[in-house]
Every structure is written in C-alpha cells, then in structure tokens.
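Student: Pasting in a structure now, in structure tokens, and then I'll have a few things to ask.
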Amino acid sequence: PRSWLGIINRYRDRLPLCGNSINITLLEGNTPLIPSLKLSRISGKDLNVYFKYEGLNPTASFKDRGMVVAMTKALEQKKQIVICASTGNTAASAAAYAARADLKCFVFLPQGKIALGKLSQAMIHGAEIVEVEGNFDDTMRLVIKLASLKPEIELVNSVNPSRIEGQKTAAFEICDTLGDAPDYHILPVGNAGNITAYWKGYKEYYESKLSKKLPQMLGFQAEGAAPIVQGRIIENPTTIASAIRIGNPASWKGALEAARESAGCIGAVSDSEIIEAYRFLAYQEGIFVEPASAVSVAGFLKACKQDLIRPHSTVVLTLTGHGLKDPSFTESCFSSFPRHQILPSIEKALKIVEGTKQ
Ligand code: F0G
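Going left to right, the sequence shown walks through residues 7 to 364 as the UniProt record's numbering numbers them.
Structure follows, in structure tokens:
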C-alpha cells in the first residue's frame, strides 16, 4: 500500500504552494472517520453517524492541517518570525511546525486560560510564550496589530488564508472516504476558521464533481461564548470549553456564509450539555476529546431533538482535539469518581472484582 505523506503531498494541486520549499510535514491528516456505535440508536432516526477524529493529528488537534500550509508558505516568502494568538491548540501546532521549519515562534496567550497540555507543547517545542493580561479577543487584536507593523512577521492565525486552505483538506478526506459528502456536518465554532475551511473544501470537491452533494453545515458555539448566535460581540465570553472561549470570531462572516449557503445553522449548547457529551464520548464510544470537541456531539443531540436531521442521513461530527490536552479538566470534573485503594492482597482484589460482577 502507498503510505501517507501528509496533506500537502496528497492534495498539492488544490493548495496554493509553489512546491520548491522544504518539506516540513509531520504527516498530518489522514485521520480516521470512526463510525459511532451509539449515537444513531440514541437519535432513533436510522442515521449513519461518523466521528472525524482530528485529535489524532501530530500535535493532537486539527490545527496541524492549516499550520503545515501556513508554515510552508512562510518559508516560501522568506519570513523569519511567526506569531499567533491562541486559546492553546494553535500555539501548540505553530510551535511544533516552527521548530521543524527553524522559524522563530512567538505565541500570545490569554494569561491563565490555557489548558496544561497545550501550554506544555508550546514550551517544549521552544516557542517564546507571551502571556497577555486579557482574554483571547484582546490577544487576537494585539497580534493583528503587531503583524501589521512588521513585514518580516507571518501571522499564522486562521485570518491567514493558508490556514483555511490546509484545513479544508479534512472535508476532502471525508468525501474520499465516504465516496460522497455527508448530508450534515457538525462542528464546534470558536474563531470560526474551521467551519469556513470545511465549507470551502466541500464546495471545491462539489464543483470539481468529486462529490455529488453538499452537506448542511451545523456549527455550535458554547452558550456563554456565542456571539454569532446572539448577533453581537460578547465582551466577556465564558464557558468551560476554553478552546472556544471567544467573543469576537475573526471568521464570523465565513461561519455565517457556511450556514446560509448550506441551509445549515449556527446554534449554541450549554456547558452542562458539553460536559455530558464529553463524558458520553469517553464512556460510551471510547473516544477521549477535549471539552470544546464534545460540542459536536452536544450539537448533534440538540439538532436531533429539534428535528433538524432527516432520517436515514449520513452525519459527520468533527472531534477537533484530543482529551489529553486538558487533563486538569477531567480531574476537576470527575474527582469524585470512586477509586479502590487496597494493600496487595489477593482477598481484597477478589472482593473488588466479584463485587463489580452484578
Ligand atoms: N476545537 C478546538 C479543540 C479548538 O482548539 C478550536 C479553536 C476550535 C474547536 C474552534 O475552531 O476557531 O476554527 O472555529 N482553537 C483556536 C486556538 C482558537 O487558538 O487554538 P475555530
């Protein structure tokens, strides 16, 4: 079998790169499209539900697809410095690819609001970490201004079109695997780059006749951080899903376009719905994701309740990041889970095992 060589190698003809730059791939992409065993039954609608598990990318989130393209482009343009604002995953990915590309990387993070796994990644890959007293939106504004003042700096947030180009490949992979686009695509919305990217990817495949239909795009925000749903900037966004704690998304327009053009919608789910979905995925499907990723499942369940999904449909849910990104959240959520503590005694061990039989 031909081995996987990364998204640039696989989809080069659909990416805006000149092709003579060094290859910095970490073999990102080609993530599994895992059939859900439980969600279809729960919905009672005879659906084919799949998880696009982006937590299995090299830095454990979907950001790697966009980052490999943005970083390759930065090299082509002889940039020396890359910067980003981030709730964590963009920073982790930027730091890893910058290490590979020998580019100087500065990541600007809202202070105290980054999950431990993501912060560790940015540190170990050697990014310069700048903690900003403020939220993500303040931090985003700052880096946009900074990049505009210094031409040698490449901004690698999703306002950079190369990021969107790279991330659209997830839609290609889904169509390649299913043989067509799904009927519905559901994903979390934070800065709104990813929904913009998926919609672009689906449209390109459809226009090239590589798929016969277009999916309805259903994007979900967290209720306390739902500017698109509410139609106004949220000054102090709040949600346990730190990755999408964003009050003024950079690709707001892209998200609205995706929803409108696809006859989809942008909705919101509550933190308790997110936590329930987070636990469900791990407990019932064996898939560990970070809280923001569980928004896809919470959104799916909500869409089913609201009768937004036709029976016999194919539905894809993107799981954007791995659960190990945010172990502190798991611990804080489930610290009261019962644990057995025993001496190394066979009687005690037997008692426990026999006790859980019923
Ligand atoms: N899920 C995860 C795990 C994320 O890290 C993000 C965004 C999203 C969903 C939302 O995607 O912004 O394209 O709408 N994380 C960004 C970051 C903001 O800085 O890592 P989006």
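C-beta atoms are modelled at their ideal positions from N, C-alpha and C, and glycine is treated no differently.
Taking 8 Å as the line, does the beta carbon of PRO255 fall inside it for any heavy atom of ligand 1?
Tutor: Yes, since a heavy atom of ligand 1 falls inside the 8 Å radius drawn around the Cβ of PRO255.
Student: Helix, strand or coil: which one does DSSP assign to THR324?
Tutor: In the structure shown, THR324 sits in a strand (DSSP, three-state: E or B).
Student: With the cut-off set at 9 Å, would you say TYR212 and PHE178 are in Cβ contact?
Tutor: Not in contact: TYR212 and PHE178 (Cβ atoms no closer than 9 Å).
Student: Do you know whose CA, among LYS218, THR65, SER248, lies nearest ALA228's CA?
Tutor: Of the candidates LYS218, THR65, SER248, the one whose C-alpha sits nearest the C-alpha of ALA228 is SER248.
Student: So ALA95 is in the alpha helix (DSSP H); what residue range does that whole segment cover?
Tutor: The sequence given here has Asn at residue 95, not Ala. Looking at the DSSP string, the run of the alpha helix (DSSP H) that includes ASN95 is 95-107.
Student: Checking 9 Å against the spacing of the C-beta atoms, do VAL303 and ALA274 come in under that value?
Tutor: Contact flag unset, no.
Student: Rounding to the nearest angstrom, what Cα-Cα distance links PHE317 and LYS308 in this structure?
Tutor: Before going further, note that residue 317 is Pro rather than Phe in the sequence given. PRO317 and LYS308: Cα-Cα distance of roughly 15 Å.
Student: Quick check: what's the CA-CA separation for LEU33 versus GLU360?
Tutor: Rounded to the nearest angstrom, the two C-alpha atoms are 46 Å apart.
Student: Can you list, in chain order, the stretches of the alpha helix (DSSP H) that have 4 or more residues and sit fully within the stretch 283-329?
Tutor: If we require 4 residues or more, the alpha helix (DSSP H) runs fully inside the stretch 283-329 come out as 297-311.
Student: Whose C-beta lies closer than 6 Å to the C-beta of VAL55 among residues of the same chain, with five residues either side of it excluded?
Tutor: The answer, listed in chain order, is SER42, LEU45, SER46, VAL321.
Student: Mind listing, in chain order, the continuous alpha helix (DSSP H) runs of no fewer than 4 residues lying wholly within the stretch 52-94?
Tutor: You should have 69-82.
Student: Where do the N-terminal and C-terminal ends of the alpha helix (DSSP H) with GLN227 fall, by residue?
Tutor: First-last for GLN227: 222-228, but that is the beta strand (DSSP E), not the alpha helix (DSSP H).
Student: Using the three-state DSSP reduction, which class does ILE135 fall into: helix, strand or coil?
Tutor: Here ILE135 sits in strand by DSSP.
Student: What residue does the alpha helix (DSSP H) around GLU213 start on, and which one ends it?
Tutor: It spans 199-213 - the alpha helix (DSSP H) in which GLU213 sits, taken as one unbroken run.
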